[in-house]
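S.K.: Sharing a structure with you now.
Protein chains in written order, with my numbering: chain A, 3 to 539; chain B, -12 to 314.
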């Protein structure tokens, strides 16, 4: 049974935890050389795994990734991982991003005695430095000459340890905010082996995927080629291809906008103006990088409403390929006969290629590469007027939006099950509530922050037959939260942030997952599910 | 390995050594025999210098080897140190009769002392007696490496115990020979601090048994287990500071007043040999060499470099890396 260590917050593989020794320690934590040599820091026999000889992994991205991911997958999730004599400011973000909880300052200490001045980005020979580069206490009260002449190395040591500590604090802050990925994408630029590590890790995919939350309130910054491979991006593309059911009739392909959700942007408001009265009779899909395509119904879902990416009008071949593949999948599975392409540049060619493959009538409406010019918008209006006549049946209603969201969240078929019978959808779509009119009970509500449906117990009950996202608990009535030891089995698809069904012998309920399904099964400590409601059967 | 004519020794060289704390010229002879029959030490590749087992040198070859060595002897007084790439007293390398014959050749009035290296199991009255009958001042040199049986077994796999050594010392002494003991600074799997402590402890244990302690600073040799460890990053040869520190501590200890402590660092300053930082390697190595001849502790004092503080930190922190050397 876990006694010393508990994970309190997860951000992918990185975690914030607390280690209960004589005093409570917050992880990620730097064990000081001083406390080690004075015997003040004694590593507890349980709950901490020491990766012996970890120093050998330094600078070797392949060995580092394979060793740490393997060991992390092997030891219980609520065991802290300690890598002795490996961490320095340069690689600390990588280690913690991989799931290391405890490090020490042995290497920065040794580097100090080697005359190396550390910054958060660089390791500089003190002899090659013209001025001290940092505003820490030591550097602001001493000159470079004083530091150089200090034969005890104490000034340099104090500075280096302060820098190392700051880096750790920044990382802790990033984990707390859920933005560790963005931080490491930035830090990995410092050395090729770090970038290599990120690419290898993304290539392995499952290690991170098993740990990355399904939703996040934060902006997702896509600013590098590695961002295209991050779990959230691949997951969205994958779900649109597998869980989402395309529609039929007239397909309207639109450009993305900087402002999210798209429909609140100036671009989309102008386009939507042109579509007045026709919107429910055609299917709007936004073409974008890195998410490839975002059906309008899913535009609120994380990360569709949360990403920010540099837009230059030029596309990388990787980005175009993603769009090509996703559009192909959409047309293959949908039943569209006309495709209005209101985008510009390279995208038109991609649409044309894919459209031809499926013998869909293609209509381009943008002229001179300007989607919002009078003439382009006019073309759009008249093309829509021509194709979407009043006798064309509705393809997208409020109900479709809710249904598609539920499919995305719980798997194909969830929407149909959930919306069976006499249903009413009240309010603006982004924050709508769903009611069962016959029994007069609420079933769920759209969470505007990340576009998921939050369920009520009754709503959850409707999804029971789907068999997914269920957490089977022991024989008890949960209040407030379900703790990990109380979980018997949990759906392996569950990720932090997912809406889940709680199934017990005496109770049925719903809540929000705090950890992944596999972790609920393996952990002995910590909150597994925050309960929203239960009913005793 | 280079092919070598069987009638030539592996090495003949002239250096310096001491007799009763007095410097003297020293001729080192490494005879080419069929080599060590143990061949399991994790640090050693000397047996690769040996002649092929299929075609060992004949008695005549060995006699020419010794004659060749004699032709290189210096004009003044000197001592002789004889090694094989194994044990001189192992009859599988050199037959008993031949051992005697070879030593007879060395008998000259300029030869003030003879040292012959052997593993302890070959130190027998039959082997020692004929030598002491010819040479009044004779020492058997034994590579004990450490007095810790555990370290000798686990880190080196030397195949004999401290008790075996003590027995050999007794046989040597009973037959009129002294003993020179080789200790190995920093066998694998020890931290720098543990390595120093091991030598200090060994030296203390050796007080009743030896006249000279020769400190071998570990050098990484190709085709050894140690070499693989080193390539993996799991081993660092000893710091010269450690050797200096040990020699100073022993020399300053009055209990050792009759025991000389000497060392001849090999490959000092190289990554595979004992080293400090590039700046002070030569300085410290020279001090150690010089001290080995003078036994004057002043030769070790006042030698300093910025990396000494680093070495002190390494001593303090290395045990917390769980098996990898610093830095």
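Each residue gets a CB set at the ideal place from its N, CA and C atoms; glycine is no exception. Note that this is a predicted model, so its numbers are computed, not measured.
If you follow the alpha helix (DSSP H) that residue 112 of chain B is part of, which residue opens it and which one closes it?
M.R.: Its alpha helix (DSSP H) spans residues 112 to 121.
S.K.: Mapping the DSSP letters down to three states, classify residue 214 of chain B as helix, strand or coil.
M.R.: In this structure, residue 214 of chain B counts as helix in the three-state DSSP scheme.
S.K.: Between which residues of its own chain and residue 163 of chain B is the CB-CB distance below 6 Å, once the five residues before and five after are set aside?
M.R.: 119, listed in sequence order.
S.K.: Using a beta-carbon distance cut-off of less than 8 Å, what residues from the stretch 15 to 49 of chain A approach chain B?
M.R.: Listed by position along the chain: 35, 38, 39.
S.K.: Against residue 210 of chain B, what residues of chain A qualify as contacts under a CB-to-CB distance less than 9 Å, listed in chain order?
M.R.: Those do not exist, as residue 210 of chain B stays about 22 Å from chain A at its closest Cβ, beyond 9 Å.
S.K.: Using a Cβ-Cβ cut-off of 6 Å (strictly less than) and excluding sequence neighbours within five positions of residue 540 of chain A, which residues of its own chain qualify?
M.R.: Lying outside 3 to 539, the shown extent of chain A, residue 540 of chain A is not represented and no answer is given.
S.K.: So, is the C-beta of residue 219 of chain B closer than 8 Å to a C-beta in chain A?
M.R.: So yes, residue 219 of chain B belongs to the interface.
S.K.: So is residue 446 of chain A buried or exposed if we call it buried at 16+ other beta carbons inside 10 Å?
M.R.: Classification of residue 446 of chain A: buried, given that the 10 Å Cβ count is 16 or more.
S.K.: Enumerate, from N- to C-terminal direction, the unbroken beta strand (DSSP E) stretches of 3 or more residues contained entirely within the stretch 292 to 355 of chain A.
M.R.: Those beta strand (DSSP E) runs which fall completely within the stretch 292 to 355 of chain A and span 3+ residues are 294 to 297, 337 to 343.
S.K.: Hey, residue 384 of chain B and residue 55 of chain A: beta-carbon distance below 8 Å or not?
M.R.: Because chain B spans -12 through 314 in this model, residue 384 of chain B falls outside it and cannot be assessed.
S.K.: Kindly indicate which residue of A:331, A:305, A:291, A:335 has the alpha-carbon position closest to the one of residue 319 of chain A.
M.R.: Out of A:331, A:305, A:291, A:335, A:291 has the C-alpha closest to the C-alpha of residue 319 of chain A.
S.K.: Are the beta-carbon atoms of residue 509 of chain A and residue 529 of chain A separated by less than 8 Å?
M.R.: Cβ distance not < 8 Å, so residue 509 of chain A and residue 529 of chain A don't count as in contact.
S.K.: 8 Å is my cut-off, CB to CB: does residue 313 of chain B come that close to chain A?
M.R.: So, interface residue.
S.K.: Quick check: the Cα distance between residue 419 of chain A and residue 503 of chain A, rounded to an integer number of angstroms?
M.R.: Answer to the nearest angstrom: the Cα atoms are 15 Å apart.
S.K.: Pull up the distance between the alpha-carbon of residue 8 of chain A and that of residue 84 of chain A, whole angstroms please.
M.R.: Their backbone Cα atoms lie some 14 Å apart in a straight line.
S.K.: Is the beta carbon of residue 431 of chain A less than 8 Å from the beta carbon of residue 475 of chain A?
M.R.: It is not a contact, given that the beta carbons lie outside the stated cut-off.
S.K.: What residues from chain B crowd round residue 108 of chain A, counting only those whose CB sits closer than 8 Å?
M.R.: Per Cβ cutoff of 8 Å: 304, 307, 308, 313.
S.K.: Could one say the Cβ of residue 185 of chain B lies closer than 8 Å to chain A's Cβ atoms, at least one of them?
M.R.: No, residue 185 of chain B lies away from the interface with chain A (no Cβ there is under 8 Å from its Cβ).
S.K.: Hey, which unbroken runs of the beta strand (DSSP E) at 3 residues or more fall wholly within the stretch 357 to 425 of chain A?
M.R.: Entirely contained in the stretch 357 to 425 of chain A, the beta strand (DSSP E) runs reaching 3 residues are, in chain order, 363 to 366.
S.K.: Which residues in chain A sit within 8 Å of residue 297 of chain B, going by Cβ to Cβ distance?
M.R.: The contacting residues are 112, 115, 116.
S.K.: Are the C-beta of residue -2 of chain B and some C-beta of chain A separated by less than 8 Å?
M.R.: Not one chain A Cβ lies under 8 Å of residue -2 of chain B.
S.K.: Alpha carbon to alpha carbon, how far is residue 223 of chain B from residue 151 of chain A? Give it in angstroms, no decimals.
M.R.: Each residue's Cα considered, the two are about 29 Å apart.
S.K.: If you follow the alpha helix (DSSP H) that residue 218 of chain A is in, where does it begin and where does it stop?
M.R.: Per DSSP, residue 218 of chain A belongs to no alpha helix (DSSP H) and is neither H nor E.
S.K.: Which parts of the stretch 445 to 496 of chain A are runs of the beta strand (DSSP E), unbroken and 3 residues or longer, counting only runs that do not cross its ends?
M.R.: Entirely contained in the stretch 445 to 496 of chain A, the beta strand (DSSP E) runs reaching 3 residues are, in chain order, 454 to 457, 472 to 475, 483 to 485, 489 to 492.
S.K.: Quick check: residue 525 of chain A and residue 80 of chain A, are their CB atoms within less than 8 Å of each other?
M.R.: The answer is yes: Cβ separation under 8 Å.
S.K.: Kindly indicate which residue of A:286, A:50, A:126, A:200 has the alpha-carbon position closest to the one of residue 386 of chain A.
M.R.: The shortest Cα separation from residue 386 of chain A among A:286, A:50, A:126, A:200 belongs to A:286.
S.K.: Where does residue 179 of chain A sit, in a helix, a strand or coil, going by DSSP?
M.R.: Here residue 179 of chain A sits in helix by DSSP.
S.K.: Quick check on residue -12 of chain B: buried or exposed, where buried means 16 or more other Cβ atoms within 10 Å of its Cβ?
M.R.: Here residue -12 of chain B scores only 47 on pLDDT, less than 50, and its place in the model should not be relied on; the value that follows carries that caveat. So residue -12 of chain B ends up on the exposed side.
S.K.: Are three or more beta carbon pairs between the stretch 251 to 266 of chain B and the stretch 284 to 300 of chain B nearer than 8 Å?
M.R.: Yes, they touch.
S.K.: Near residue 311 of chain A, what residues of its chain come up, given a Cβ to Cβ distance below 6 Å and the 5 sequence neighbours on each side ignored?
M.R.: The answer, listed in chain order, is 224.
S.K.: Tell whether a beta-carbon distance below 8 Å holds between residue 135 of chain A and residue 121 of chain A.
M.R.: Yes. Within cutoff.
S.K.: For a contact meaning CB atoms closer than 7 Å, what does residue 54 of chain A contact in chain B?
M.R.: Near residue 54 of chain A (Cβ distances below 7 Å), the residues of chain B are 309, 310.
S.K.: Can you tell me whether residue 250 of chain A is buried or exposed, with buried defined as 16 or more other CB within 10 angstroms of its CB?
M.R.: Under this definition residue 250 of chain A is an exposed residue.
S.K.: Taking 8 Å as the threshold (C-beta atoms), are residue 346 of chain A and residue 373 of chain A in contact?
M.R.: Yes, the pair counts as a contact, with Cβ atoms nearer than the cut-off.
S.K.: Return yes when the Cβ of residue 112 of chain B is within less than 8 Å of the Cβ of residue 158 of chain B, no when it is not.
M.R.: Against a cut-off of 8 Å, the Cβ pair of residue 112 of chain B and residue 158 of chain B comes out as a contact.
S.K.: If you follow the beta strand (DSSP E) that residue 83 of chain A is in, where does it begin and where does it stop?
M.R.: First-last of the beta strand (DSSP E) with residue 83 of chain A: 82 to 84.
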